[in-house]
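**Student:** I'd like to ask you about the structure that follows.
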Amino acid sequence: MAANVEIVSFGYLHDAPPSAHLTIDLRHHFRDPHVSPELRCMTADDEPVRVAVMGTPGIAALVEATATAVAAFAAGPSAGTVTVADGCAGGRHRAPTFARALADRLTAAGHTVSVQHRDMGKDVVQR
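Just so you know, the sequence shown maps onto residues 3 to 129 in my numbering.
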């Protein structure tokens, strides 16, 4: 069953996670492009960041698992938008790349998807 899906990427170091049906925490299990000086000031708008994130083992499987979870919410008896929030440390690399990959997967499955990158445009977090 197709659903309206809202995806919000964010950075945990900026503010609390947005309210969502599913919240995906990408901080601890997936390589952070921030640690590479050449990627640090880039964002998910830059291909080298997208390649680094999507090349990380487990990311593609997590996109698929999240799409399956969204389908389960969509199949439930209550109509309405399914909201997915996905976060990384600063919200500039992993979270927006994951959000876009998930949006592509869900759109291909027939869902209507909107994506918001809450923190991608914020300054690099110094850590």
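For every residue, glycine included, the Cβ atom is placed at its ideal position computed from N, Cα and C.
Roughly how many angstroms separate the alpha carbons of residue 30 and residue 114, rounded to a whole number?
**Tutor:** Cα to Cα, the separation comes out at about 30 Å.
**Student:** According to the neighbour-count rule (16 or more other Cβ atoms, all chains shown, within 10 Å of its Cβ), is residue 59 buried or exposed?
**Tutor:** By the neighbour-count rule (16 or more Cβ atoms within 10 Å), residue 59 is not buried but exposed.
**Student:** Where does the unbroken alpha helix (DSSP H) through residue 71 begin, and where does it stop?
**Tutor:** 61 to 76 is the extent of the alpha helix (DSSP H) around residue 71.
**Student:** For residue 74, count the other beta carbons within 10 Å of its own beta carbon; 16 or more makes it buried, fewer makes it exposed. Which is it?
**Tutor:** Its Cβ having fewer than 16 others within 10 Å, residue 74 is exposed.
**Student:** Hey, how far is the Cα of residue 81 from the Cα of residue 89?
**Tutor:** Distance between the alpha carbons of residue 81 and residue 89 is about 26 Å.
**Student:** If you follow the alpha helix (DSSP H) that residue 12 is part of, which residue opens it and which one closes it?
**Tutor:** First-last for residue 12: 6 to 13, but that is the beta strand (DSSP E), not the alpha helix (DSSP H).
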